[in-house]
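The structure appears right after this line, and notes come after that.
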Amino acid sequence: MKTNLVAEFQNTAEGQEAEEILRACVHCGFCTATCPTYQELNDERDGPRGRIYLIKEMLEGAEVTSKTRDHLDRCLTCRACETTCPSGVEYGRLVDIGRGVIEQKLERPRQQRLMRLALRKILPYSERFGPLLYLGQFFKPLLPGALKTKVPPRRRASPWPTTSHSRVMMALAGCAQSSAAPTTNAATARVLDKLGITLVEAPEAGCCGAVSYHLSAHEEGLNFMRRNIDAWWPAIEAGAEAIVMTASGCGAMVQDYGHLLRHDPVYANKAQRVSELTKDISDVLLAEDLSKLELKNNPEKVAFHCPCTLQHAMQKSGLVEQVLTRAGVNLTKTKDKHLCCGSAGTYSIMQPEMSQRLLKNKLEALTIEQPDRIVTANIGCQLHLETKAQVPVQHWVELLDR
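Residue numbers (the numbering used here): 1063 to 1464.
This is how it looks when you write it as structure tokens:
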């Protein structure tokens, strides 16, 4: 694709990166076949190819309009298009750049600004999000129906192992997961303990930066990344083997630290090392002797939902299924595995109508064989799916712990 960026963007790092991505696109349209919003709306501008053209036009000096913003807002950033693309177009990076340009050029309506600000100032901070969540859970019986379904059930923290091993790995407590599903990292710690690995969380680490960065507050997101690097660095220097991700949404962001901070003179090398050490828990377990877990076959039927961040961003499709199969879990068949459930970070809040359509489709796809339980690998997907699921929804590693 030919480009002619205006001077305003030609000499910037993001402008040059966007131009390189745009020139890789051959406009073939394969991406439209796997785009959830294009499948629902059949509008070229609500598919990757159309959005790429809209971003190209902005960078070439075209007027930035609210319609363009609407089409980019409706993108889930699921990155299914990247998995399909024969040219390797890094659409996820391009859409982040395009959204950043729009935020600079066009002021949002007041209600949208307040909503986005609230999400950025509450969700990434567990000390703020946690109390609000507990308050919602306490008053859940009194809440109206639509709001009541969005409040997840109370999950109490379970104990971590007290033993220690020579092999040490780090974990990210995160923001939403640490409050909404504290059982996930604890279950992971217990599983790894049986394999002779100590899992530890750095108290100073927090949100991975995805909330801010994907809401176009890029520098704010980068500051979260720098804080996490500082929190993990002493353990990395002490020989920690890996940074284990139990939320693939966080994993997708942390694996990009090296790229996103590549121009930072202080953090570039550290960020690259952090990205190299980042592993999904499925990656870790596949390299270990699972017979040490003394697993037993369970007749319960389980459907696995592979989050977009795991299969498209982290490129780890099929790994969890391998672990669960080796563990004797009775996995059911599902369909349309490549399509998003509609959670997509803050998307379910910002785009509720489309999110609910995709949720309905995903639950139908997951339950074609009437499973007794649904498991997933990302906290956002877990919370979203359980709002309408008729069976329990949890993180898949809890099956191994159980």
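Even for Gly, the Cβ is constructed at its ideal location relative to N, Cα and C.
Exercise. Residues in its own chain within less than 6 Å of GLY1112 by CB, not counting five upstream and five downstream?
Worked result: Within the sequence shown, the letter at position 50 stands for residue 1112. For GLY1112, where only same-chain residues beyond five positions count, the Cβ hits under 6 Å are GLU1106.
Exercise. So is the beta-carbon of LYS1363 under 7 Å away from any non-hydrogen atom of the ligand FMN?
Worked result: Of the ligands one can find in the structure shown there are none, so the ligand FMN has no counterpart to examine.
For this session: Alpha carbon to alpha carbon, how far is GLY1154 from LEU1372? Give it in angstroms, no decimals.
Result: Locating residue 1372 in the sequence shown gives position 310, where the first residue counts as 1. Locating residue 1154 in the sequence shown gives position 92, where the first residue counts as 1. Spanning the two alpha carbons is a distance of roughly 14 Å.
Exercise. Is GLN1191 helix, strand or coil when you go by DSSP?
Worked result: The sequence position of residue 1191 within the sequence shown is 129, counting from 1. Rather than Gln, the amino acid found at residue 1191 in this sequence is Phe. Note: PHE1191 maps to helix in three-state DSSP.
For this session: Work out the CA separation of GLY1404 and ARG1419 for me, nearest whole Å.
Result: Start at 1 with the first residue of the sequence shown, and residue 1419 comes out as number 357. Start at 1 with the first residue of the sequence shown, and residue 1404 comes out as number 342. If I take the Cα positions, the gap works out to 8 Å.
For this session: To the nearest angstrom, report how far apart ASP1292 and VAL1230 are at their CA atoms.
Result: In the sequence shown, the residue the question calls residue 1292 occupies position 230. In the sequence shown, the residue the question calls residue 1230 occupies position 168. Going by the C-alpha atoms only, they are around 18 Å apart.
Problem set entry | Straight-line gap, ASP1023 to LYS1424 (C-alpha atoms, nearest Å) | Outside the shown range of the chain (1063 to 1464) lies residue 1023, about which nothing can therefore be said.
Problem set entry | Secondary structure of LEU1462, DSSP reduced to three states | The residue given as residue 1462 occupies position 400 in the sequence shown. If DSSP states are grouped into helix, strand and coil, LEU1462 belongs with the helices.
Exercise. Under three-state DSSP, which class holds GLN1413?
Worked result: As a first step, residue 1413 must be located in the sequence shown, where it is residue number 351. Residue state, collapsed to three classes: coil.
Exercise. With respect to the beta strand (DSSP E) encompassing PRO1361, which residues constitute its N-terminal and C-terminal limits?
Worked result: Numbered from 1 along the sequence shown, position 299 holds the residue referred to as residue 1361. Segment 1360–1367, the beta strand (DSSP E) holding PRO1361.
For this session: Starting from MET1120, follow its DSSP beta bridges and name the residues at the other end.
Result: Walking along the sequence shown from the start, residue 1120 turns up at place 58. DSSP lists no partner for MET1120.
Exercise. Residue range of the alpha helix (DSSP H) that ARG1289 falls in?
Worked result: Along the sequence shown, one-based indexing puts residue 1289 at 227. ARG1289 -> alpha helix (DSSP H) spans 1280–1299.
For this session: With DSSP as the reference, label HIS1374 as helix, strand or coil.
Result: The residue labelled residue 1374 in the question sits at position 312 within the sequence shown. Correct three-state label for HIS1374: helix.
Exercise. In chain order, what residues of the same chain have a beta carbon less than 7 Å from the beta carbon of HIS1280, not counting five sequence neighbours either side?
Worked result: Within the sequence shown, the letter at position 218 stands for residue 1280. Cβ within range, chain order: GLY1162.
For this session: Would you check if the distance between the CB atom of ILE1436 and the CB atom of ALA1242 is smaller than 8 Å?
Result: Numbered from 1 along the sequence shown, position 374 holds the residue referred to as residue 1436. Numbered from 1 along the sequence shown, position 180 holds the residue referred to as residue 1242. Going by beta carbons, ILE1436 and ALA1242 fall outside the 8 Å limit.
Exercise. So is ALA1075 buried or exposed if we call it buried at 16+ other beta carbons inside 10 Å?
Worked result: In the sequence shown, residue 1075 corresponds to position 13, counting from 1. By the 10 Å Cβ count, ALA1075 comes out exposed.
Exercise. Considering only C-alpha positions, which residue in the set ALA1297, GLY1390 and VAL1336 is nearest to LEU1352?
Worked result: On the sequence shown, residue 1352 is found 290 positions in, with the first residue counted as 1. Of the candidates ALA1297, GLY1390 and VAL1336, the one whose C-alpha sits nearest the C-alpha of LEU1352 is GLY1390.
For this session: Kindly give me the distance between the Cβ atoms of HIS1374 and THR1145, rounded to whole angstroms, as I take these residues to be in contact under 8 Å.
Result: On the sequence shown, position 312 is the one that residue 1374 refers to. On the sequence shown, position 83 is the one that residue 1145 refers to. Yes, HIS1374 and THR1145 are in contact; Cβ-Cβ is about 5 Å, under 8 Å.
Problem set entry | Residue range of the alpha helix (DSSP H) that includes LYS1129 | By one-based count along the sequence shown, residue 1129 stands at place 67. Residues 1128–1135.
Exercise. Quick one: Cα of LYS1064 to Cα of LEU1116, how far?
Worked result: Residue 1064 sits at position 2 when you count from the first residue of the sequence shown. Residue 1116 sits at position 54 when you count from the first residue of the sequence shown. Computed Cα separation, rounded: 14 Å.
Exercise. Cβ atoms of PRO1203 and ALA1219: under 8 Å apart, would you say?
Worked result: By 1-based counting over the sequence shown, the position of residue 1219 is 157. By 1-based counting over the sequence shown, the position of residue 1203 is 141. No. Outside cutoff.
Exercise. If you follow the beta strand (DSSP E) that GLN1456 is part of, which residue opens it and which one closes it?
Worked result: Here the question's residue 1456 lines up with position 394 in the sequence shown. In the DSSP assignment, GLN1456 falls within the unbroken beta strand (DSSP E) covering 1455–1457.
Exercise. Which one or two residues does DSSP pair with LYS1341 in a beta bridge?
Worked result: Translated into positions along the sequence shown, residue 1341 becomes position 279. According to DSSP, LYS1341 bridges with VAL1306.
Exercise. Does the pairing of the segment 1330–1342 with the segment 1297–1314 give three or more beta-carbon distances under 8 Å?
Worked result: yes
Exercise. Grouping DSSP H, G and I as helix and E and B as strand, with all else coil, what is ASN1104?
Worked result: Start at 1 with the first residue of the sequence shown, and residue 1104 comes out as number 42. Here ASN1104 sits in coil by DSSP.
Problem set entry | Any 3 or more C-beta pairs closer than 8 Å across the segment 1425–1432 and the segment 1376–1396 | yes
Exercise. What is the DSSP secondary structure of CYS1396, counted as helix, strand or coil?
Worked result: The residue given as residue 1396 occupies position 334 in the sequence shown. The residue asked about is misnamed: residue 1396 is Thr in this sequence, not Cys. Three-state DSSP puts THR1396 in coil, outside helix and strand.
Problem set entry | Pair within 8 Å by beta-carbon distance, ALA1297 and GLU1460 | Taking the sequence shown and counting its residues from 1, the one referred to as residue 1297 is at position 235. Taking the sequence shown and counting its residues from 1, the one referred to as residue 1460 is at position 398. The answer is no: Cβ separation not under 8 Å.
Problem set entry | Cβ contact check for the segment 1439–1454 and the segment 1173–1184: 3 or more pairs under 8 Å | no
Exercise. Name the DSSP bridge partner or partners of THR1438?
Worked result: Counted from its first residue, the sequence shown places residue 1438 at position 376. Partner(s): HIS1367 and HIS1457.
For this session: Starting from ALA1180, follow the beta strand (DSSP E) in both directions and report where the run begins and ends.
Result: Sequence index remark: in the sequence shown, residue 1180 carries index 118 (1-based). Note, ALA1180: premise wrong, no beta strand (DSSP E); alpha helix (DSSP H) at 1172–1184.
Problem set entry | Residues near LEU1323 in its chain [Cβ-Cβ closer than 6 Å; skip 5 each side] | In the sequence shown, the residue the question calls residue 1323 occupies position 261. Contacts found: TYR1329, ALA1330 and ALA1333.
Exercise. What's the gap between the Cα of CYS1093 and the Cα of ALA1142?
Worked result: Counted from its first residue, the sequence shown places residue 1093 at position 31. Counted from its first residue, the sequence shown places residue 1142 at position 80. Rounded to the nearest angstrom, the two C-alpha atoms are 8 Å apart.
Problem set entry | Three-state secondary structure (DSSP) of ALA1095 | Sequence index remark: in the sequence shown, residue 1095 carries index 33 (1-based). Correct three-state label for ALA1095: helix.
For this session: Measure how close the beta-carbons of LEU1348 and VAL1385 come, nearest whole angstrom, since I'm counting them as under 8 Å.
Result: For the purposes of this step, residue 1348 is taken as residue 286 along the sequence shown, with counting starting at 1. For the purposes of this step, residue 1385 is taken as residue 323 along the sequence shown, with counting starting at 1. With a Cβ gap of about 6 Å, LEU1348 and VAL1385 count as contacting.
Exercise. Would you say the segment 1267–1287 touches the segment 1194–1208, given that touching needs at least three Cβ pairs under 8 Å?
Worked result: no
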